[in-house]
Amino acid sequence: MLKHVVVAASLALALATPPALAQQAGGETIIIVPMEKLPIYGSVVSAWYKQPVYDPNEKKLGTIADMLFSADGSINAVMMNVGGFLGLGVKHIAVPVSAITITQKNNKSWLTLNTTKDLLKKATAYKFDKASGLWDPI
Amino acid sequence: MNRTFLVALSFCAAIVIAQPVCAQTAAPDSKLSVPMEALPRYGSLVSAWYKKPVYDTNEKKVGVITDMLFSGGEVNAIMLDVGGFLGIGAKHVAIPANDITVTEKNNKTWLTINTTKDIVKKATGYKYDAKEHAWKQM
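Heads up: the protein sequence lines correspond to chains S and W, in order.
Here the first sequence is numbered in this note's numbering, starting from 58 and rising by one per residue.
Here the second sequence is numbered in this note's numbering, starting from 130 and rising by one per residue.
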């Protein structure tokens, strides 16, 4: 009997690959079975979140404060705290995830963003609104 | 002159959002990144998920998110620390991102997964290999 449940659930999981299937409005819930193997991945959030980001000259630009993603799992923006570096005032800016390059340095992840202090200075600033749980332009 | 420069860059940023990979052209003289002028649409934030507990539908804690795997800007698995079973140390299972539901509870983010202890116990376990910076099957 239990076997049946698991098989049905695995099938549901396979079907769930196109996003958004898991949360059906109808209230018919699907039991989730963890993945039997990992999908192909390029990086892990733990190597990015709260980690420093440098310019190509290895000058620290800031740290990653957050990453925004959609219901389908795509990461649409990386929020960076650039405050206190390069003489900039405290501020958060947004960059596309693809703008940041990840490499290795001394056996640790090294994040690089090819930008300038001037561009960061001019960039739109955002602030996290705790009440709404959203990032808003200042 | 400066204006033209910025416009051209914004255009590139738009392309980058649509199709990851654009930013990392192997050439070192790659394009400068301009921070985003407006945030793209997003459903949730990594800060609301990373290191946060996940509950079952009966509000029993299933585990804690320890990592999120992504590829080309797509989150494709959530690594959930489901604790030790049978006296063995921590076990991590992998869950597709869209199988975790995010809601609010007492003005805080609340993550739910519809699974059972039994399913999690039987699921493939993974462990982070710090040397290789990769998650490996246990």
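Virtual Cβ for every residue (Gly too), placed ideally from N, Cα, C.
Note that the coordinates shown come from a computational prediction; the quantities given were computed from them, not determined experimentally.
Q) Using the C-alpha atoms, what's the distance from P96(S) back to Y184(W)? A) The count along the second sequence starts at 1 and reaches residue 184(W) at position 55. The count along the first sequence starts at 1 and reaches residue 96(S) at position 39. Going by the C-alpha atoms only, they are around 23 Å apart.
Q: List the endpoints of the continuous alpha helix (DSSP H) containing D186(S).
A: Here residue 186(S) corresponds to residue number 129 of the first sequence, with the count starting at 1. Counting along the chain, D186(S) falls outside any alpha helix (DSSP H), though it belongs to the beta strand (DSSP E) covering 183-186.
Q: Enumerate in chain order the residues of its own chain whose CB-to-CB distance from N226(W) is below 6 Å, with the five nearest sequence positions on each side excluded.
A: Here the question's residue 226(W) lines up with position 97 in the second sequence. The sequence given here places Ala at residue 226(W); Asn does not occur at that position. The answer, listed in chain order, is V204, I207.
Q. Which partner residues of E233(W) appear in the DSSP bridge assignment?
A. Here residue 233(W) refers to the residue found at position 104 when the second sequence is read from its first residue. The partner list for E233(W) (beta bridge, DSSP) reads T238(W).
Q) Does DSSP put S189(S) in a helix, in a strand, or in coil? A) If you number the first sequence from 1, residue 189(S) lands on position 132. Residue state, collapsed to three classes: coil.
Q.
Is there a Cβ of chain W sitting closer than 9 Å to that of N164(S), yes or no?
A. Position 107 of the first sequence, counting from 1, holds the residue named residue 164(S). It does: the Cβ of N164(S) has a partner Cβ on chain W nearer than 9 Å.
Q | I150(S), DSSP secondary structure in three states | A | Here residue 150(S) refers to the residue found at position 93 when the first sequence is read from its first residue. Looking at I150(S) - three-state DSSP - the assignment turns out to be strand.
**Q.** Inter-residue spacing [alpha-carbon to alpha-carbon] between S189(S) and E233(W)
**A.** Against the first sequence, residue 189(S) aligns to sequence position 132. Against the second sequence, residue 233(W) aligns to sequence position 104. Roughly 11 Å separates the two Cα atoms.
(Q) Between I157(S), I159(S), V152(S), K187(S), which has its C-alpha nearest P169(W)'s C-alpha? (A) Numbered from its first residue, the second sequence carries residue 169(W) at position 40. Answer by Cα proximity: V152(S).
Q: Would you tell me roughly how many angstroms separate the C-alpha atoms of L145(S) and K178(S), rounded to the nearest one?
A: Translated into the one-based positions of the first sequence, residue 145(S) becomes position 88. Translated into the one-based positions of the first sequence, residue 178(S) becomes position 121. For L145(S) and K178(S), the distance between alpha carbons rounds to 7 Å.
Q: Can you tell me the Cβ-Cβ gap for H221(W) and L240(W), rounded? I've got them flagged as a contact below 8 Å.
A: Here the question's residue 221(W) lines up with position 92 in the second sequence. Here the question's residue 240(W) lines up with position 111 in the second sequence. In fact, because the Cβ distance is near 16 Å, the residues do not count as touching under 8 Å.
Q | Collapsed DSSP secondary structure at K117(S) in the structure displayed | A | By 1-based counting over the first sequence, the position of residue 117(S) is 60. K117(S) falls in the strand class under three-state DSSP.
Q | Cβ neighbour criterion (16 or more within 10 Å) applied to N187(W) | A | The residue labelled residue 187(W) in the question sits at position 58 within the second sequence. Result: exposed.
Q) Where S155(S) and M92(S) are concerned, what is the direct C-alpha to C-alpha distance, given to the nearest angstrom? A) As a working mapping, residue 155(S) is identified with position 98 in the first sequence. As a working mapping, residue 92(S) is identified with position 35 in the first sequence. Cα to Cα, S155(S) sits roughly 26 Å from M92(S).
Q | Beta carbon proximity, E188(W) to chain S, threshold 9 Å | A | What you label residue 188(W) is simply residue 59 of the second sequence in a count that begins at 1. By this cut-off, E188(W) is not an interface position.
Q.
Comparing C-alpha positions only, which one of K180(W), K189(W), E166(W), E261(W) sits nearest to N163(S)?
A. Locating residue 163(S) in the first sequence gives position 106, counting from the first residue. Among K180(W), K189(W), E166(W), E261(W), the Cα nearest to that of N163(S) belongs to E261(W).
Q) Taking just the CA atoms, how far does K180(W) sit from V193(W)? A) Your numbering for residue 193(W) matches position 64 in the second sequence. Your numbering for residue 180(W) matches position 51 in the second sequence. Taking the straight line joining both Cα atoms gives about 6 Å.
Q. What number of angstroms, rounded off, separates the C-alpha of K60(S) from the C-alpha of Y255(W)?
A. For the purposes of this step, residue 60(S) is identified with residue 3 of the first sequence, where counting begins at 1. For the purposes of this step, residue 255(W) is identified with residue 126 of the second sequence, where counting begins at 1. Below a pLDDT of 50, predicted positions are generally treated as unreliable, and K60(S), at 39, falls in that range; the measurement from the model is reported next regardless. Looking at the two C-alpha atoms, the distance is approximately 23 Å.
Q) Taking the C-alpha atoms as reference points, what is the distance between E115(S) and D123(S)? A) On the first sequence, position 58 is the one that residue 115(S) refers to. On the first sequence, position 66 is the one that residue 123(S) refers to. Looking at the two C-alpha atoms, the distance is approximately 21 Å.
Q) For the beta strand (DSSP E) that contains L168(S), what are its first and last residues? A) For the purposes of this step, residue 168(S) is taken as residue 111 along the first sequence, with counting starting at 1. Run containing L168(S): 165-170, per the beta strand (DSSP E) assignment.
(Q) Only counting the same chain, and skipping five residues up and downstream in sequence, which positions put a Cβ closer than 7 Å to that of A180(S)? (A) Residue 180(S) sits at position 123 when you count from the first residue of the first sequence. Excluding sequence neighbours, A180(S) sits near I150.
Q: Count the other CB atoms, across all protein chains shown, that sit within 10 Å of the CB of P164(W); report buried if there are 16 or more and exposed otherwise.
A: The residue given as residue 164(W) occupies position 35 in the second sequence. Result: buried.
Q. Mind pulling the chain S residues with CB within less than 9 Å of L174(W)?
A. Position 45 of the second sequence, counted from the first residue, corresponds to residue 174(W). Chain S residues near L174(W): D123, M124, L125, F126, M136, F185, G190, L191, W192.
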